[in-house]
Amino acid sequence: MNQTYQKLLDCYESVRARIPFIPRVALVLGSGLGNYADAIDVKGEIRYCEIKDFPVSTVPGHEGKFIFGYVGQVPVVCMKGRIHYYEGYPISDVVLPTRLMKMMGAEILFLTNASGGINPAFGAGDFMLIKDHISCFAPNPLVGPNIDELGLRFPDMSTIYNKKLQQKIREAAGIHNIALKEGVYAQLTGPSFESPAEIRMLRALGADAVGMSTAVEAIAGNHMGMKVCGISCISNLAAGMTDQPLTHEEVQEAADIAAPLFKKLITESLMLF
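Once you know that position 52 of the sequence shown is 52 in UniProt numbering, the rest is easy, because the numbers rise by one and skip nothing.
Okay, here's the thing in structure tokens:
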């Protein structure tokens with residue numbers, strides 16, 4: 001059996017032995033949203049380190065556990081801390097949580113992140129609905145022998161981010177009078193922030209925001225037939241757009257400030273899904 005698939009099955013059995021909860025939505029919490037779990041009617045938790053062979057998040061602000069519960073009547077599994085490629089894990093491990101949540105029963109993959117704004121119309125604290133992405137810098141998670149049990153060898157990526165879910169997020173923003181930008185997200189590998197020349201390149205390619213996650217997860221989710229949607233919190237303007245140096249602390253601080261509105265937007269969106 002394919003080693004990647006066997007590892008996924010082992011993780012699934014490890015989780016199922018602990019909790020029988022079946023989620024409808026898989027929610028990945030980006031920087032600044034770790035406390036969103038406080039809004040969930042929690043039915044169970046599993047730390048990543050308690051799952052056999054599961055990668056462990058090492059980034060400050062990413063606690064590293066699955067939370068199972070309800071937002072209103074919606075059953076969700078929530079990743080409190082994601083796995084990043086720059087942490088040194090193979091790309092198959094980076095998307096393992098996405099695949100695992102689909103195996104748990106999740107039909108919708110709701111991705112969130114903190115990102116750098118490339119579009120000059122964006123400012124720190126803005127929210128961007130992800131309409132499409134650019135992922136030609138991080139390794140494609142589908143490289144290697146196809147796992148037929150998960151999806152097709154050559155999956156279509158014409159509409160990675162589900163248009164109906166995008167409209168639901170727009171409606172949620174309108175209910176709470178939350179300004180919502182829209183655009184294209186680009187994933188680079190990190191962990192270094194981008195250079196000004198790289199930001200100019202990304203702007204020329206059509207990117208509106210940039211970060212170090214999300215796109216590879218969306219590819220893996222789409223491959224497995226999940227309905228994917230995503231929101232970026234613009235935590236800073238990207239390199240070269242201001243005279244200020246970029247720091248992780250700045251990103252975390254801006255995401256923390258935006259978190260209350262971000263939580264409202266996510267909760268209302270989930271209620272509409």
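Every residue gets a Cβ at the ideal spot worked out from N, C-alpha and C, and that includes glycine.
Since the model is a prediction, treat every value here as computed from it, not as a measurement.
Worksheet item: Distance, Cα to Cα, Ala-215 vs Gln-187?
Response: 6 Å
Item to complete: Write down the C-beta distance between Gly-44 and Ile-19 rounded to the nearest angstrom, noting that I regard them as a contact closer than 8 Å.
Response: Yes, they are in contact, since the Cβ atoms of Gly-44 and Ile-19 sit about 4 Å apart, within 8 Å.
Worksheet item: Whose C-beta lies closer than 6 Å to the C-beta of Leu-180 among residues of the same chain, with five residues either side of it excluded?
Response: The answer, listed in chain order, is Phe-127, Leu-129, Ala-173.
Worksheet item: How big is the Cα-Cα spacing for Ile-234 and Ser-213?
Response: 14 Å
Practice prompt. Sort Val-95, Ser-115, Tyr-161, Ile-40 by Cα distance to Gln-73 and report the nearest one.
Written response: Ile-40
Fill in: Backbone secondary structure at Lys-80 - three-state DSSP
strand
Worksheet item: Which residue or residues does DSSP assign as beta-bridge partners of His-133?
Response: Tyr-185
Discussion item. Considering only DSSP beta bridges, list what Ser-31 is partnered with.
Written reply: Answer by DSSP bridge pairing: none, since Ser-31 is not bridged.
Worksheet entry | Same chain, Cβ closer than 6 Å to Asp-38, five either side skipped, listed in chain order | none
Worksheet item: Okay, do the segment 197-206 and the segment 76-95 touch, 3+ Cβ pairs below 8 Å being the bar?
Response: no
Practice prompt. Would you mind sorting Cys-229 into buried or exposed? The rule is 16 or more other CB atoms within 10 Å of its CB.
Written response: Buried, since its Cβ has 16 or more Cβ neighbours within 10 Å.
Practice prompt. Output the distance between the C-alpha atoms of Leu-272 and Leu-165, rounded to the nearest integer angstrom.
Written response: 9 Å
Worksheet item: DSSP state of Arg-99, grouped into three classes?
Response: Here Arg-99 sits in helix by DSSP.
Worksheet item: Comparing the C-beta of Lys-263 with each C-beta of chain B, is any distance below 8 Å?
Response: Chain labels in this structure do not include chain B; a single protein chain is all it has.
Item to complete: For Val-143, name the three-state secondary structure that DSSP assigns.
Response: coil
Worksheet item: When the Cα atoms are used, what is the spatial distance from Glu-107 to Val-95?
Response: Each residue's Cα considered, the two are about 16 Å apart.
Fill in: Residue(s) in a DSSP beta bridge with residue 288
This structure leaves residue 288 out entirely; the chain is present only between 1 and 273.
Worksheet item: Is it right to say Val-71 is buried, meaning 16 or more other beta carbons lie within 10 angstroms of its own, or is it exposed?
Response: buried
Worksheet item: Per DSSP, what kind of secondary structure is Asp-208 in: helix, strand or coil?
Response: coil
Worksheet entry | Whole-angstrom C-beta distance between Glu-249 and Thr-98, which should lie under 8 Å | About 28 Å; that fails the 8 Å criterion.
Worksheet entry | Candidates Asn-162, Tyr-161, Pro-141, of which the one nearest Phe-154 by Cα | Minimum Cα distance to Phe-154 is reached at Pro-141.
Fill in: Best match in Gln-3, Asn-236, Ser-269, Asp-256 for proximity to Pro-120 [C-alpha to C-alpha]
Asn-236
Worksheet item: At which residues does the beta strand (DSSP E) containing Tyr-70 begin and terminate?
Response: That run of the beta strand (DSSP E) goes 65-71.
Worksheet item: When you compare only the Cα positions, how much space is there between Asn-177 and Ser-195?
Response: Approximately 35 Å between the Cα atoms of the pair.
Worksheet item: With DSSP run on the structure shown, which of helix, strand or coil describes Gly-44?
Response: strand
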